[in-house]
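Asker:
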Amino acid sequence: MSNIDIAALSVGDALPERQHTANNVSLFLYNAAIWNPHRIHYDETYTTQVEKHPGVVIDGPLQGDWLNQVVVNWMGDNGALAKFNYSNRRASYLGETLTSGGVITAIDTAAGTVDMEIFIKNENGDVITPGTAQVRYA
Amino acid sequence: MGELIDDAARAWIGRSQDPQRIEINRSDIIKYSIATEQRLEKYLLGDEAPAMFMFGALRPLVPMEELGPDGITVDKFIPELPLKRVMAGGTEMTFHRTIHPGDVLIATRSLSEMVEKQGSTGPLIFVSYNLVVKTEGGDMVMEEKQTRILR
Numbered sequence: 001m002s003n004i005d006i007a008a009l010s011v012g013d014a015l016p017e018r019q020h021t022a023n024n025v026s027l028f029l030y031n032a033a034i035w036n037p038h039r040i041h042y043d044e045t046y047t048t049q050v051e052k053h054p055g056v057v058i059d060g061p062l063q064g065d066w067l068n069q070v071v072v073n074w075m076g077d078n079g080a081l082a083k084f085n086y087s088n089r090r091a092s093y094l095g096e097t098l099t100s101g102g103v104i105t106a107i108d109t110a111a112g113t114v115d116m117e118i119f120i121k122n123e124n125g126d127v128i129t130p131g132t133a134q135v136r137y138a
Numbered sequence: 139m140g141e142l143i144d145d146a147a148r149a150w151i152g153r154s155q156d157p158q159r160i161e162i163n164r165s166d167i168i169k170y171s172i173a174t175e176q177r178l179e180k181y182l183l184g185d186e187a188p189a190m191f192m193f194g195a196l197r198p199l200v201p202m203e204e205l206g207p208d209g210i211t212v213d214k215f216i217p218e219l220p221l222k223r224v225m226a227g228g229t230e231m232t233f234h235r236t237i238h239p240g241d242v243l244i245a246t247r248s249l250s251e252m253v254e255k256q257g258s259t260g261p262l263i264f265v266s267y268n269l270v271v272k273t274e275g276g277d278m279v280m281e282e283k284q285t286r287i288l289r
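Sequence lines, in order, name chains B and G. Residues in the first sequence are numbered consecutively from 1, following our numbering. Residues in the second sequence are numbered consecutively from 139, following our numbering.
This is the structure:
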């Protein structure tokens, strides 16, 4: 990575978008890594018949991580993540391709902070996981 | 409003769980970074933990017999309330310092707030927790406000 020049940023600038398509393997590894044995993330029969979801559920905090990556993959070596908020508004299921992205909403050059809105959208373009973040530059 | 949270439940506000001690190790960071498809080398090599790594590191480690038929263990750090169905609300994190292999962290969770609200489908209770993560030496690492919605 390289450094970001805060003086060259503008409110309204978009952060790079990225597509995420979880599969059985990636979802298994994620839930193993976070030690989450909830069956809705790997047992399709249980998920649809007992908990009545239409499919295996993509973890909310995994979407939170993808949101976080929108910020950290963009912010440059001189940036530090200061604040990060998100909420999971709607569920997402295995097979869906989600798109992450964001937009700069405020820049304070004196304080060295950049604020942004970040989002995860589903294939219909609905924001299912909105968030905000603040990056601090030394 | 005000009738769903009784005095016994209200007495939980301000209560803390026993602090949790977590030793951060490189291979756990690498596994997490592969599973979440990180792109930065510092995460993939395990030199630094991604911000959301702590979510997994703090998950409960309980014996198999404490896991229910759904696979999960019930979080007992919540008062007796008339609404039982728990949904994840939002989370707000503030970071003071990054996390690296070899760090020994102390995490303390307290119940900070309980609020009744009227949702479109009925009453809701918002239960908020404050999580504070410090180094063993007492330096602040991160703070998080987690909200759960009961309906």
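Positions of the beta carbon are idealized from the N, C-alpha and C atoms, including for glycine.
Taking the beta carbon of residue 192/G as the centre, do at least 16 other beta carbons fall within 10 Å, making it buried, or is it exposed?
Answerer: Burial call: buried.
Asker: Using only the alpha-carbon positions, how far apart do residue 148/G and residue 252/G sit?
Answerer: Rounded to the nearest angstrom, the two C-alpha atoms are 8 Å apart.
Asker: Using DSSP with H/G/I as helix, E/B as strand and the rest coil, what is residue 216/G?
Answerer: Residue state, collapsed to three classes: coil.
Asker: Restricting to Cα atoms, I'd like to know which of 107/B, 113/B, 27/B and 51/B is closest to residue 60/B.
Answerer: Of 107/B, 113/B, 27/B and 51/B, the residue nearest in Cα terms is 27/B.
Asker: Using the rule of at least 16 other Cβ atoms within 10 Å of the residue's Cβ for burial, across every protein chain shown, is residue 106/B buried or exposed?
Answerer: It counts as exposed.
Asker: Taking just the CA atoms, how far does residue 56/B sit from residue 44/B?
Answerer: Going by the C-alpha atoms only, they are around 6 Å apart.
Asker: What three-state label does DSSP hand residue 63/B in the structure shown?
Answerer: DSSP places residue 63/B in helix when its eight states are reduced to three.
Asker: Could you tell me the boundaries of the alpha helix (DSSP H) in which residue 274/G lies?
Answerer: No alpha helix (DSSP H) contains residue 274/G, which DSSP labels as neither H nor E.
Asker: Is it true that the segment 200-209 of chain G meets the segment 223-238 of chain G, where meeting means three or more beta-carbon pairs spaced less than 8 Å apart?
Answerer: Result no; under three Cβ-Cβ pairs closer than 8 Å.
Asker: Mapping the DSSP letters down to three states, classify residue 52/B as helix, strand or coil.
Answerer: Coil at residue 52/B, not helix or strand.
Asker: Is there at least one Cβ from chain B nearer than 9 Å to residue 261/G's Cβ?
Answerer: No - not a single Cβ of chain B is within 9 Å of the one on residue 261/G.
Asker: Helix, strand or coil for residue 241/G? Go by DSSP, reduced to three states.
Answerer: Correct three-state label for residue 241/G: coil.
Asker: Using only alpha-carbon positions, find the residue among 274/G, 289/G, 237/G and 179/G that is nearest to residue 262/G.
Answerer: When only C-alpha atoms are compared, the closest one is 289/G.
Asker: Assign residue 42/B to one of three DSSP states: helix, strand, or coil.
Answerer: Residue state, collapsed to three classes: coil.
Asker: Using beta carbons (cut-off 9 Å, strictly below), is residue 147/G in contact with chain B?
Answerer: Residue 147/G does not count as touching chain B.
Asker: Please state the DSSP three-state secondary structure of residue 2/B.
Answerer: Residue state, collapsed to three classes: coil.
Asker: Compare the C-alpha of residue 233/G against each of 95/B, 84/B, 119/B and 46/B and name the closest.
Answerer: The shortest Cα separation from residue 233/G among 95/B, 84/B, 119/B and 46/B belongs to 84/B.
Asker: For a contact meaning CB atoms closer than 7 Å, what does residue 216/G contact in chain B?
Answerer: Result: empty, since nearest Cβ-Cβ is about 17 Å, beyond 7 Å.
Asker: Tell me, please, whether the CB atom of residue 252/G is closer than 9 Å to any CB atom in chain B?
Answerer: Not closer than 9 Å to any Cβ of chain B, the Cβ of residue 252/G fails to qualify, so no.
Asker: Since residue 285/G and residue 65/B are thought to touch, with beta carbons under 8 Å apart, how far apart are those beta carbons, to the nearest angstrom?
Answerer: With a Cβ gap of about 19 Å, residue 285/G and residue 65/B do not count as contacting.
Asker: Could you pull the DSSP bridge partners for residue 28/B from this structure?
Answerer: DSSP lists no partner for residue 28/B.
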